[in-house]
Amino acid sequence: MTEQMRYRIEHSVEGREQVIPLDDLDVKKARSRARSLSKQDDQLGNGLGHSVYLIGQDESGTDQEQYIYNGGSLADKDLVKDWK
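In this text, residue positions in the sequence shown follow the numbering used here: the first is 181, and each later residue adds one.
Written as structure tokens, this is what we have:
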């Protein structure tokens with residue numbers, strides 16, 4: 181059986197940081213939420229100083245996935261492939 185990932189968004193705008201837990205969302209819905217937040221940031225200004233990170237951690241609390249969004253699009257991702 182596969183472990184359930186727990187997601188959170190780490191959102192930074194001009195030095196102010198916010199952590200948004202997305203505990204019950206699957207990866208598709210969590211990525212959609214991060215993409216939407218990133219798009220809203222882009223509409224507010226030029227995006228300088230804005231970042232949206234979607235972090236997924238396994239049941240032991242270890243970060244396993246990181247998605248970085250900019251302007252409503254996925255800019256980068258880092259996935260640990262061998263987690264069980």
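Even glycine gets a Cβ: it sits at the ideal position worked out from N, Cα and C.
**Study point:** Chain-order list of residues whose beta-carbon lies under 8 angstroms from that of residue 184 (same chain, five-residue window excluded)
**Key:** Your numbering for residue 184 matches position 4 in the sequence shown. Cβ within range, chain order: 239.
Review point. Excluding five sequence neighbours on each side, which residues of the same chain lie with their C-beta closer than 6 angstroms to the C-beta of residue 230?
Key: The count along the sequence shown starts at 1 and reaches residue 230 at position 50. 193 and 221.
**Study point:** Bridge-paired residues (DSSP) for residue 258
**Key:** Here residue 258 is taken as the residue at index 78 of the sequence shown, counted from 1. DSSP, once it has assigned bridges, lists 246 as partnering residue 258.
Point to revise | Local Cβ density within 10 Å of residue 217, reported as buried at 16 or more and exposed below that | key: Counting from one through the sequence shown, the residue named residue 217 turns up at place 37. Per the 10 Å Cβ criterion, buried.
Check your understanding: At what residues does the beta strand (DSSP E) containing residue 202 begin and finish?
Key -> Locating residue 202 in the sequence shown gives position 22, where the first residue counts as 1. From DSSP, the beta strand (DSSP E) with residue 202 extends over 196-202.
**Study point:** residue 220, DSSP secondary structure in three states
**Key:** For the purposes of this step, residue 220 is taken as the residue at position 40 of the sequence shown. In the structure shown, residue 220 sits in a helix (DSSP, three-state: H, G or I).
Review point. Under a three-way DSSP split, which group does residue 212 fall into?
Key: In the sequence shown, counting from the first residue as 1, residue 212 sits at position 32. Residue state, collapsed to three classes: helix.
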